[in-house]
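My numbering applies: residue 16 is where the sequence shown begins, and numbers increase by one.
Just so you know, even glycine gets a beta-carbon here, dropped at the ideal spot from N, CA and C.
Structure first, then comments.
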Amino acid sequence: MAHMLDPAVLTRTAALEHLALAIPRAGRAYAEGRNTDRGPGTAPSTTALSPYLRRRLLLEEEVIDAALAAHGS
């Protein structure tokens with residue numbers, strides 16, 4: 016699998032797939048541990064959606080809508 020920041024994978028399809036993987040980890044637990052360095056070999060503490068958002072392959076509204084649909088307000 017290509018690295019997530021590889022321009023070859025910065026597509027709308029990749030953005031939606033990445034969002035689908037990130038949303039189940041979102042919510043209260045994510046908010047409490049966001050940007051925490053858990054050390055090597057552990058799950059990342061951020062969603063890594065920024066490259067897709069920055070290039071407008073994914074819209075902020077889409078992320079918000081998906082998070083609210085999965086986790087409520």
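How should residue i be labelled, buried or exposed, when 16 other C-beta atoms within 10 angstroms of its C-beta is the threshold for buried?
{"i": "M16", "result": "The pLDDT assigned to M16 is 43, lower than 50, so where the model puts this residue is not dependable; a value taken from the coordinates is nonetheless given after this. Exposed, since its Cβ has fewer than 16 Cβ neighbours within 10 Å."}
{"i": "L74", "result": "exposed"}
{"i": "T62", "result": "buried"}
Less than 8 Å between the C-beta atoms of residue i and residue j, yes or no?
{"i": "A81", "j": "L36", "result": "no"}
{"i": "L72", "j": "A30", "result": "yes"}
{"i": "A85", "j": "A41", "result": "yes"}
{"i": "S60", "j": "T51", "result": "yes"}
Just how far apart, CA to CA, sit residue i and residue j?
{"i": "T26", "j": "Y67", "result": "8 Å"}
{"i": "E47", "j": "E32", "result": "24 Å"}
{"i": "P39", "j": "R70", "result": "23 Å"}
{"i": "V9", "j": "V78", "result": "Lying outside 16 to 88, the shown extent of the chain, residue 9 is not represented and no answer is given."}
As an exercise, report each continuous beta strand (DSSP E) stretch of at least 3 residues that is fully enclosed by the segment 39–73, in chain order. Here no run is fully enclosed.
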